[in-house]
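**Student:** Structure provided below as structure tokens; questions to follow.
In the working numbering, the protein residues as written are 31 to 465.
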């Protein structure tokens, strides 16, 4: 972003970007952004019976080649500009996390699948850390965000208008025909589209502050309108909560941890608590909210039953919901839950994946360090606009993780944005070192 010596929260000094053509950095940034946001399987046909096939989670050869090519180009750029010291930090913690995930994945029923997915997760993590080194300054960063977000929104609207079968939920959908009429755009589900649109709104608000309302407000309006038509009530409710919480977290130095942890605890109490306590479920119902959270409580109950069976090692990376014993040995009351592809709760999935030790390591990376970085960034006088953008994305990811499995997702849009936010907050916290 802008040069650090100018005290605008530089994430990539202008002298570095000048060593390579600006066009190369722009192309790399936009290509990586669109690879994550659009993917190689946009507008999936939901007449597929298999949800994994419909959402395109299976890794195909083209996707693997593209990911390796993207990683090679990004790492090559970093080496060429001599900024390799900025990527994948803190390296020791990230090494411990991925090493632990590898160790617990090897005994899983399908270790090759788990290792392939874990390798893709490592590539995405590396790409997210490099993305923030590519912009020449903050205006360049905002311009690229505006262009890429605009492309994604345009594709989503074109899909709804011209190819509604592939961009709007249909009654003929095999998986959830009752969602008929809800917009999903490029994605396989309205909830995924909803979370993406929230991030797009956050980008639009940031672009408005940097490039002006003529550029940013159309993004906010288009993304906000699409969010409404997805019918994703959770994402719509989390947007104002995210804006309010991030405003407080950035400005209230001594209350940051309490605000973040307290907010997560409240959401956990109302959501997971509904699966454990009839009283809490009744209270949630009195608020006019579905106490099953669209039948998520069944999935949570199943996850909570299995976490104590392997509390220390877990079941391996993205392996629990592929467990054949689970699919064929379930109790009748879990007949729907065993067909889920994840726990619809990131924190439960972290425990299922890596056990208590792995989950604790991840919480340090996901919660403890970002809180520290925000405080350092504010003390160092970094760009408030950047700090607020990254804080908003980070808080939204934490909140959305209570109802969707987005944390440590392989190529999820919100997870990629959250990685960028955490790495960005770290760079903001250390911008003074290059002044």
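For glycine and all other residues, C-beta sits at the position ideal for the given N, C-alpha and C.
None of the values given here were measured: they were computed from a predicted structure.
Can you give the Cα-Cα distance for residue 330 and residue 223, rounded to whole angstroms?
**Tutor:** Within the chain shown, the letter at position 300 stands for residue 330. Within the chain shown, the letter at position 193 stands for residue 223. Taking the straight line joining both Cα atoms gives about 22 Å.
**Student:** For a minimum of 3 consecutive residues, which ranges assigned as the beta strand (DSSP E) are wholly contained in the segment 384–458?
**Tutor:** With a minimum length of 3 residues, no continuous beta strand (DSSP E) run stays inside the segment 384–458.
**Student:** Look at the Cβ atom of residue 62, then the Cβ atom of residue 104, and state whether they are nearer than 8 Å.
**Tutor:** What you label residue 62 is simply residue 32 of the chain shown in a count that begins at 1. What you label residue 104 is simply residue 74 of the chain shown in a count that begins at 1. Yes, Cβ-Cβ distance for residue 62 and residue 104 is below 8 Å.
**Student:** Starting from residue 198, follow its DSSP beta bridges and name the residues at the other end.
**Tutor:** Here residue 198 is taken as the residue at index 168 of the chain shown, counted from 1. 213, per the DSSP bridge assignment.
**Student:** Can you look up residue 342 in the DSSP assignment and give me helix, strand or coil?
**Tutor:** For this step, residue 342 is matched to residue 312 along the chain shown. Reduced to three states, the DSSP call for residue 342 is coil.
**Student:** Please classify residue 231 as buried or exposed, where buried requires at least 16 neighbouring CB atoms within 10 angstroms.
**Tutor:** By one-based count along the chain shown, residue 231 stands at place 201. Result: buried.
**Student:** Using 10 angstroms around the beta-carbon of residue 113, count the other beta-carbons present and answer buried if the total reaches 16, otherwise exposed.
**Tutor:** Working through the chain shown from its first residue, we reach residue 113 at position 83. Buried, since its Cβ has 16 or more Cβ neighbours within 10 Å.
**Student:** Could you check if residue 122 is buried or exposed, using at least 16 other CB atoms within 10 Å of its CB as the buried criterion?
**Tutor:** Translated into positions along the chain shown, residue 122 becomes position 92. Exposed, because fewer than 16 other Cβ atoms sit within 10 Å of the Cβ of residue 122.
**Student:** Which whole-angstrom value describes the C-beta separation of residue 100 and residue 441, a residue pair presumed to lie in contact below a C-beta threshold of 8 Å?
**Tutor:** Sequence index remark: in the chain shown, residue 100 carries index 70 (1-based). Sequence index remark: in the chain shown, residue 441 carries index 411 (1-based). Incorrect: roughly 11 Å between the Cβ atoms, too far for contact.
**Student:** Between which two residues does the alpha helix (DSSP H) holding residue 347 run?
**Tutor:** By one-based count along the chain shown, residue 347 stands at place 317. Neither: residue 347 is in no alpha helix (DSSP H) and is coded neither H nor E.
**Student:** For residue 263, does the count of other Cβ atoms within 10 angstroms reach 16, so buried, or fall short, so exposed?
**Tutor:** For the purposes of this step, residue 263 is identified with residue 233 of the chain shown, where counting begins at 1. Exposed: under 16 other Cβ atoms inside 10 Å.
**Student:** Quick one: grab the DSSP three-state call for residue 119.
**Tutor:** One-based indexing of the chain shown puts residue 119 at position 89. Here residue 119 sits in coil by DSSP.
**Student:** If you drop the 5 nearest sequence neighbours on each side, which residues of the same chain put their C-beta closer than 6 Å to that of residue 239?
**Tutor:** Locating residue 239 in the chain shown gives position 209, where the first residue counts as 1. So the qualifying residues of the chain are 415.
**Student:** Could you give the residue range of the alpha helix (DSSP H) that holds residue 70?
**Tutor:** Residue 70 sits at position 40 when you count from the first residue of the chain shown. From DSSP, residue 70 is part of no alpha helix (DSSP H); its letter is neither H nor E.
**Student:** Residue 292 and residue 344 - do their beta-carbons sit closer together than 8 Å?
**Tutor:** Within the chain shown, residue 344 is the residue found at index 314, counting from 1. Within the chain shown, residue 292 is the residue found at index 262, counting from 1. In this structure, residue 292 does not lie closer than 8 Å to residue 344 by Cβ.
**Student:** Going by CA-CA distance only, name the one from 71, 77, 199, 245 that's closest to residue 92.
**Tutor:** Working through the chain shown from its first residue, we reach residue 92 at position 62. Ranking 71, 77, 199, 245 by Cα distance to residue 92 puts 71 first.
**Student:** Whose C-beta lies closer than 8 Å to the C-beta of residue 398 among residues of the same chain, with five residues either side of it excluded?
**Tutor:** Counting from one through the chain shown, the residue named residue 398 turns up at place 368. For residue 398, where only same-chain residues beyond five positions count, there are no Cβ hits under 8 Å.
**Student:** Keeping to the same chain, check which residues put their C-beta closer than 7 Å to that of residue 181; ignore five residues upstream and five downstream.
**Tutor:** For the purposes of this step, residue 181 is identified with residue 151 of the chain shown, where counting begins at 1. The answer, listed in chain order, is 64.
**Student:** Do residue 190 and residue 215 have their CB atoms nearer than 8 Å?
**Tutor:** The residue labelled residue 190 in the question sits at position 160 within the chain shown. The residue labelled residue 215 in the question sits at position 185 within the chain shown. It is a contact, given that the beta carbons lie within the stated cut-off.
**Student:** So the candidates are 461, 333, 420, 300; which of them puts its Cα closest to the Cα of residue 318?
**Tutor:** Looking up residue 318 in the chain shown gives position 288. Ranking the options by Cα distance to residue 318, first place goes to 300.
**Student:** Rounded to the nearest angstrom, what separates residue 77 and residue 201 at their Cα positions?
**Tutor:** Residue mapping note: residue 77 aligns to position 47 of the chain shown, counting from 1. Residue mapping note: residue 201 aligns to position 171 of the chain shown, counting from 1. Their backbone Cα atoms lie some 10 Å apart in a straight line.
**Student:** What are the boundary residues of the alpha helix (DSSP H) that residue 93 is part of?
**Tutor:** In the chain shown, the residue the question calls residue 93 occupies position 63. Start and end: 91–111.
**Student:** One question on the structure: do residue 431 and residue 447 come within less than 8 Å of each other, judged by their Cβ atoms?
**Tutor:** For the purposes of this step, residue 431 is taken as residue 401 along the chain shown, with counting starting at 1. For the purposes of this step, residue 447 is taken as residue 417 along the chain shown, with counting starting at 1. No, they are not a contact pair.
**Student:** Classify residue 305 as buried or exposed, calling it buried when 16 or more other Cβ atoms lie within 10 Å of its own Cβ.
**Tutor:** By 1-based counting over the chain shown, the position of residue 305 is 275. Flag for residue 305 reads buried.
**Student:** With distance defined between alpha-carbon atoms, name the residue in 290, 173, 271 nearest to residue 279.
**Tutor:** As a working mapping, residue 279 is identified with position 249 in the chain shown. Closest by alpha carbon: 290.
**Student:** Smallest Cα separation from residue 308: which of 66, 418, 322?
**Tutor:** Taking the first residue of the chain shown as position 1, residue 308 is located at position 278. Nearest C-alpha to residue 308: 322.
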